[in-house]
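The structure appears below as structure tokens.
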Amino acid sequence: MSQDIVLAFSGGLDTSFCVPYLREQGYAVHTVFADTGGVDAAERATIEARARELGVTSHVTIDGGSALWEGFVKPFVWAGEGYQGQYPLLVSDRYLIVAATLRRARELGARAIAHGCTGMGNDQVRFDLTVKALSDLTIVAPIREIQKEHTQTRAWEQAYLEQLGYAVRAKQKQYTINENLLGLTMSGAEIDRWEAPGAEARGWCAPRAEWPPQPLRATLRFVHGETVALDGEVMPGHTLLARLNRLFAAYGVGRGMYTG
1 MSQDIVLAFS GGLDTSFCVP YLREQGYAVH TVFADTGGVD AAERATIEAR ARELGVTSHV
61 TIDGGSALWE GFVKPFVWAG EGYQGQYPLL VSDRYLIVAA TLRRARELGA RAIAHGCTGM
121 GNDQVRFDLT VKALSDLTIV APIREIQKEH TQTRAWEQAY LEQLGYAVRA KQKQYTINEN
181 LLGLTMSGAE IDRWEAPGAE ARGWCAPRAE WPPQPLRATL RFVHGETVAL DGEVMPGHTL
241 LARLNRLFAA YGVGRGMYTG
């Protein structure tokens, strides 16, 4: 009988690779997508469809936008701080993703969880330490495992999936993309080669040629230091910030480079 494992799933190249890879290791793979405010309904549906296409045993989508707003966005804004003084700590949602993955593991009685972190950078530390702080479950990290044998990891993952008959979206071939309420980050391709990001290395922010000719005016209302309404429409904070992200991205606001 296969052992249950719960995979923190985004539908990107790394976590898509993890599904058949883990299945080959004898696991029944259950996926969890924690939506922390970076995708719309169409993208959520695409992620769910991707999980089903890959043949997972079960898939659930968790709404984490409100938790990210309350637990991270508000304190960051009130403190007036950025990560290393430069940018909002997008990856703070990793703690919420792990918590959601662990809840699903407990529901299923699974004794192992998996993630798609590489063996470089701090994401693996955020995932692993949070799992260890909140549980005694076994951690499986397939990308770290294959990095011991392959230097061009993303190309190898892509070939592995395509050999099994799974298509890989063009942008996923080039970049690792993270999205939530706090923004979107891209890495990989020319960025990892220490070259200037190409024109296609953009997520939400429109290129200059596509900026609207008319000015944008947005009115925010605050109550006790918290935004509660946009242009007179009262809405939850995470909904408001998601809307602001799209409004200002259409004017190219917020695009920058960070090395850290």
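Each residue of the sequence shown is one higher than the last, beginning at 1 in UniProt numbering. By construction, the Cβ of each residue, glycine as well, lies at the ideal position given by its N, Cα and C atoms.
With a cutoff of 7 Å on beta-carbon distance, Ala105 and Ile113 are scored as near each other. Taking a contact as a CB-CB distance under 8 Å, the pair Gly237 and Trp78 does not count as one, their CB atoms being some 12 Å apart.
Distances from the CA of Arg103 to each of Asn122, Leu90, Ser135 and Thr227 were compared; the closest alpha carbon is that of Ser135.
DSSP places Arg217 in the coil class of the three-state scheme, outside both helix and strand.
Rounded to the nearest whole angstrom, the CA to CA distance from Asn178 to Leu184 is 5 Å.
Straight across, the Cα-Cα distance linking Ala167 with Glu48 is about 15 Å. At least 7 Å separates the beta-carbon of Leu240 from that of Thr259. By the criterion of at least three beta-carbon pairs nearer than 8 Å, the region 246-257 is in contact with the region 200-207. Taking each of Glu81, Gln163 and Arg243 in turn and checking the Cα distance to Glu233, the smallest one comes out for Arg243. In the same chain as Arg52, and ignoring 5 residues on each side of it, the C-beta atoms closer than 8 Å to its own belong to His59, in chain order. Exposure of His224 is indicated by the presence of fewer than 16 other C-beta atoms within 10 angstroms of its C-beta. Under the three-state reduction of DSSP, Asp35 is assigned to strand.
Tyr175 is positioned such that its CB atom lies closer than 7 Å to that of Ala189. Per DSSP, Ala196 is not a residue of any alpha helix (DSSP H), being assigned neither H nor E. A contact is defined here as three or more CB-CB pairs under 8 Å, and the region 22-38 fails this definition with respect to the region 150-158.
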